[in-house]
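Numbering (the numbering used here), first residue to last: 185 to 413.
Just so it is clear, CB atoms sit at the ideal spot from N, CA and C, and this is done for glycine as well.
Report on one structure; see the data block that follows.
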């Protein structure tokens, strides 16, 4: 059976003007993963969403891998959902980034405060009760991710594949393969670590999730590298 290695991107730059880039820790997470993959995996193809953090994660992995990997092919279907739109539909005032930063700074742990609001915003989006508020509904997001998965399986025709994507698509793929509820998909999304690896096995029509959210490469090198946002 062939294997798809689903990698969540390295830590992005939370609180910065450009969130869609890796933080210094995110770059190091990618290099650590590359070193861990070297000698274990030789992908025939590399795919990713067309976001900056997806591309930079592949660059970091390649640096640690120590040899050239196939050029990353961008697939829009592997992009994350618009998480800020989802949050803003719950907290419209946070469309003003300075207001959001100010509000979060009032909490002892701003990242935790954001996570709590994010989880409420996700539940609102997934409920289906407010679909007209969103550019992309939850069912539409799920459909495009699964379509992208099937397209890259067909394209690679049996070869092992490395995919740089985000927590949302990974949780949707896991949900699809394990036939889980939307609530369980949200719970899975909340625990996917940066540069964690999930493995999908496929052969003909068969698809199975063999590994979910493995970040032992980070724990082995430096537990402080383990992040979830």
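Option nearest residue 206 by Cα separation, candidates 379, 407, 402 = Closest option to residue 206, Cα to Cα, is 379.
Taking residue 326 as the reference, give the member of 264, 384, 283 with the closest Cα.
-> Of the listed residues, the one whose Cα sits closest to residue 326 is 264.
Answer yes or no: do residue 329 and residue 370 have a C-beta to C-beta separation smaller than 8 Å?
-> When the beta-carbon positions are compared, residue 329 and residue 370 stay at least 8 Å from each other.
Going along the chain, which unbroken runs of the beta strand (DSSP E) with 3 or more residues stay wholly within the stretch 269 to 306?
-> Those beta strand (DSSP E) runs which fall completely within the stretch 269 to 306 and span 3+ residues do not exist here.
Between the stretch 250 to 262 and the stretch 281 to 293, do three or more beta carbon pairs fall short of 8 Å?
-> Touching, no, given that fewer than three Cβ pairs across the two stretches are closer than 8 Å.
Three-state secondary structure assigned by DSSP to residue 364 | Of the three classes helix, strand and coil, the one that applies to residue 364 here is coil, per DSSP.
Could you check the C-alpha separation between residue 245 and residue 258 for me, to the nearest Å?
-> For the pair residue 245 and residue 258, the Cα-to-Cα distance works out to about 16 Å.
For residue 375, which residues from the same chain have a beta carbon less than 8 Å from its beta carbon, with the 5 sequence-adjacent residues on both sides left out?
-> Within the same chain, residue 375 has close Cβ partners 397, 412.
What's the gap between the Cα of residue 439 and the Cα of residue 267?
-> For the chain, the structure presents residues 185 to 413; residue 439 sits outside this window and is missing.
Nonlocal neighbours in the same chain, by C-beta distance under 6 Å from residue 306, ignoring five residues either side | So the list reads 370, once near-sequence residues are dropped.
Pick out whichever of 225, 231, 222 has its Cα sitting closest to the Cα of residue 192.
-> Of the candidates 225, 231, 222, the residue whose Cα lies closest to the Cα of residue 192 is 231.
List the whole-angstrom C-beta distance separating residue 213 from residue 402, where the pair is believed to meet the contact cut-off of C-beta under 8 Å.
-> That belief holds up - the Cβ atoms of residue 213 and residue 402 are roughly 6 Å apart, short of 8 Å.
Could you work out which residue in 210, 308, 358 is closest to residue 273 when comparing CA atoms only?
-> Looking at the Cα atoms, 308 is the closest of the given residues.
Expected contact under 8 Å - CB spacing of residue 229 and residue 345 to nearest Å = About 5 Å separates the two Cβ atoms, so the contact holds.
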